[in-house]
Amino acid sequence: MHKDYTKYSADQLLNDDYFLQSELHPTEESRLFWQNLMEENEPLAAEIEIARLLLNALEKDTKIPSLTSTEENTLWQQIEQANIETERKNRRSRIIREVLSIAATITLLFAVGWYMAFEPKKQGTDYLAIIESINIPDSASQKVQLILDNNEKMDLEGDEAQLEYKKEGQVNVNSKKVELEKQESTQPAYNQLVVPVGKRSSVTFSDGTKIWVNSDTKVVYPVAFANEKREIFVEGEIFLEVSHDAKRPFIVKTKQMEIKVLGTKFNVSAYKNENNMQVVLVEGKVEVNTDNKNKSLLAPNQMFHYDSRLHKGKISTVDINDYVAWKDGYYQFHHESLNVILRKLSRYYGTLIYCDNTDNDLSCSGKLDLKDNLEDVLNSLKRAIPLEIENKNESIKINVKH
Numbered sequence: 006m007h008k009d010y011t012k013y014s015a016d017q018l019l020n021d022d023y024f025l026q027s028e029l030h031p032t033e034e035s036r037l038f039w040q041n042l043m044e045e046n047e048p049l050a051a052e053i054e055i056a057r058l059l060l061n062a063l064e065k066d067t068k069i070p071s072l073t074s075t076e077e078n079t080l081w082q083q084i085e086q087a088n089i090e091t092e093r094k095n096r097r098s099r100i101i102r103e104v105l106s107i108a109a110t111i112t113l114l115f116a117v118g119w120y121m122a123f124e125p126k127k128q129g130t131d132y133l134a135i136i137e138s139i140n141i142p143d144s145a146s147q148k149v150q151l152i153l154d155n156n157e158k159m160d161l162e163g164d165e166a167q168l169e170y171k172k173e174g175q176v177n178v179n180s181k182k183v184e185l186e187k188q189e190s191t192q193p194a195y196n197q198l199v200v201p202v203g204k205r206s207s208v209t210f211s212d213g214t215k216i217w218v219n220s221d222t223k224v225v226y227p228v229a230f231a232n233e234k235r236e237i238f239v240e241g242e243i244f245l246e247v248s249h250d251a252k253r254p255f256i257v258k259t260k261q262m263e264i265k266v267l268g269t270k271f272n273v274s275a276y277k278n279e280n281n282m283q284v285v286l287v288e289g290k291v292e293v294n295t296d297n298k299n300k301s302l303l304a305p306n307q308m309f310h311y312d313s314r315l316h317k318g319k320i321s322t323v324d325i326n327d328y329v330a331w332k333d334g335y336y337q338f339h340h341e342s343l344n345v346i347l348r349k350l351s352r353y354y355g356t357l358i359y360c361d362n363t364d365n366d367l368s369c370s371g372k373l374d375l376k377d378n379l380e381d382v383l384n385s386l387k388r389a390i391p392l393e394i395e396n397k398n399e400s401i402k403i404n405v406k407h
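Residue numbering for the sequence shown follows this note's numbering, beginning at 6 and increasing consecutively.
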């Protein structure tokens, strides 16, 4: 359910998460949403166009860290001139003057800040552009895929495909050597690992670092790490054992976090459609930077929890097995909500499992052996909670007995 944008001004739109996401990473749904609003509300349409003009102007030069008063005035003059040249020039110019008089500076500063938070820096690798270009496997019958820099796709066999890069350049898939075509390019090359629901994978890099990749996860990484840093991008969940290298920090980037380490073991969970993101440290130290420019340092057995809606993070002490045991084939829960448990099982087994919303507050504790089949796992869950299991075509409905 979207909020009521009827009376939103341009500066309010530029500080709205959904509007910025819609403009910077549009989908068919978001495009139709704003199009319908503009057709139904002419004053709002004018405000939307003003906000878009400012975003377009910012996009042309995101390398500028801040604007001088002269540059700011020039930017606004360009926006006003662009509006004058449109059909409704008189009304839009009046709106622009009003926005200028009450919120020009605030709007500009917030827009620059939000733009840099949501859009990857142009001078760095645009990981989102790479990862959003992938055709995501949409069913558990699909295999783990390795997508090479030249867009060649390679299916990896097995429910837990293993990928290993040797120092001498050899690549092994499930312990068997494979030949990958080498691309001649002066630009860095990036591979992409796509793990659908119902599958897992692991990657051992040439520096000795190993990552375990959970279901419904995408990882972008360079064919060869740079001399000054080792950097990967993750959307989903991975566990890492980072090989120590004092001269080359290891950096894990997500859409809204950056985790920097030298050598350590930790878990990162940052799924695309979830607001709650976590970094859990097992060994060593990590530094977490978020899109609101806050920095947090973690010690072992600590978790950094980040709410992407509120742009707020907090550190707490946790039982690390609750967050990392999946890589060893089991889930451990302490006072976890039933819906969260079912969502994780859905990803792991590639089958939709759900319960009625009336049971959202129900929680439980225990351990589930993921090496068992789904039926056995749900039966184990029944021993902790009075459940009825109902098979419905390709999904499973859980009813809680009261």
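Heads up, the beta-carbon is just placed ideally off N, CA and C, and yes, glycines get one too.
Q.
Quick check: residue 219 and residue 153, are their CB atoms within less than 8 Å of each other?
A. no
Q) So the alpha helix (DSSP H) residue 210 belongs to, where does it begin and stop? A) Careful: residue 210 lies outside any alpha helix (DSSP H) and carries neither H nor E.
Q: Name the residue from 278, 202, 193, 279 whose alpha carbon lies nearest to the alpha carbon of residue 237.
A: 193
Q | Residue environment, residue 232, which counts as buried when at least 16 other CB atoms sit within 10 Å | A | exposed
Q | Exposed unless 16 or more other CB atoms sit within 10 angstroms - verdict on residue 166 | A | buried
Q: Classify residue 48 as helix, strand or coil using the three-state DSSP reduction.
A: helix
Q) Exposed or buried, which one is residue 1 when buried takes at least 16 other CB atoms within 10 Å? A) Shown here, the chain extends from 6 to 407; a query on residue 1 therefore has no answer.
Q: Please go through the segment 322–397 and give each complete beta strand (DSSP E) segment of 3 or more residues, from N-terminal end onward.
A: If we require 3 residues or more, the beta strand (DSSP E) runs fully inside the segment 322–397 come out as 335–342, 357–360, 368–374, 392–397.
Q.
Judging by CA-CA distance, which residue of 274, 319, 291, 184 is the nearest neighbour of residue 267?
A. The candidate whose alpha carbon is nearest that of residue 267 is 291.
**Q.** Paired residues, beta bridge with residue 272 - DSSP
**A.** Looking at the DSSP assignment, residue 272 forms a beta bridge with 244, 285.
Q. Just the Cα atoms here: how many angstroms apart are residue 371 and residue 161?
A. 33 Å
Q: Please state whether DSSP places residue 24 in a helix, a strand or coil.
A: helix
Q) Closest to residue 258 by CA distance: which of 29, 241, 168 is it? A) Taking the Cα of residue 258 as reference, the smallest distance to any Cα among 29, 241, 168 is reached at 241.
Q | residue 269 versus 226, 346, 284, residue with shortest Cα-Cα distance | A | 284
Q: Go through its chain and collect everything with a Cβ distance to residue 376's Cβ below 8 Å, but skip five positions before and after it.
A: 334, 335
Q) What is the DSSP secondary structure of residue 56, reduced to helix, strand or coil? A) In the structure shown, residue 56 sits in a helix (DSSP, three-state: H, G or I).
(Q) Quick test of the definition: if touching needs 3 or more C-beta pairs under 8 Å, does the segment 212–227 touch the segment 242–250? (A) yes
Q | Boundaries of the alpha helix (DSSP H) in which residue 251 is found, first to last residue | A | Residue 251 -> no alpha helix (DSSP H), and no H or E assigned at all.
Q: Could you pull out every residue in the same chain whose Cβ sits closer than 6 Å to the Cβ of residue 403, ignoring the five residues on either side in sequence?
A: 360, 392
(Q) Can you give me the C-alpha to C-alpha distance between residue 222 and residue 255, rounded to a whole angstrom? (A) 19 Å
Q: With DSSP as the reference, please indicate the residues paired to residue 222 in a beta bridge.
A: 200
Q: Alpha carbon to alpha carbon, how far is residue 383 from residue 389? Give it in angstroms, no decimals.
A: 10 Å
Q. Taking just the CA atoms, how far does residue 263 sit from residue 318?
A. 13 Å
Q) When the Cα atoms are used, what is the spatial distance from residue 302 to residue 293? A) Computed Cα separation, rounded: 6 Å.
**Q.** DSSP beta-bridge partners of residue 41
**A.** Residue pairing by DSSP places residue 41 opposite no residue, since no beta bridge is assigned to it.
(Q) Just to confirm, is the Cβ distance from residue 239 to residue 224 under 8 Å? (A) In this structure, residue 224 lies closer than 8 Å to residue 239 by Cβ.
Q | Check whether residue 281 and residue 316 have beta carbons under 8 Å apart | A | no
(Q) Pop quiz: residue 325 and residue 287 are said to be a contact at Cβ under 8 Å. What is the actual Cβ separation, rounded to whole angstroms? (A) 5 Å
Q. Would residue 347 pass as a contact of residue 367 if the rule is Cβ separation under 8 Å?
A. no
Q) Is DSSP giving residue 314 helix, strand or coil here? A) coil
Q) To the nearest angstrom, how far is it from the Cα of residue 307 to the Cα of residue 323? A) 6 Å
Q: Kindly list the residues whose CB is nearer than 6 Å to the CB of residue 395, restricted to its own chain and excluding five residues on each side of it in sequence; keep chain order.
A: 402
Q | CA-to-CA distance, residue 209 to residue 18, given in whole angstroms | A | 44 Å
**Q.** Assigned exposure category for residue 146 - 16 Cβ within 10 Å defines buried
**A.** For residue 146, the predicted model reports a pLDDT of 44, less than 50, meaning its position is unreliable; a value from the coordinates is still stated below. Under this definition residue 146 is an exposed residue.
Q.
Helix, strand or coil for residue 15? Go by DSSP, reduced to three states.
A. helix
Q. Excluding the five sequence neighbours on either side, which residues of its own chain have a C-beta within less than 6 Å of the C-beta of residue 276, listed in chain order?
A. 241
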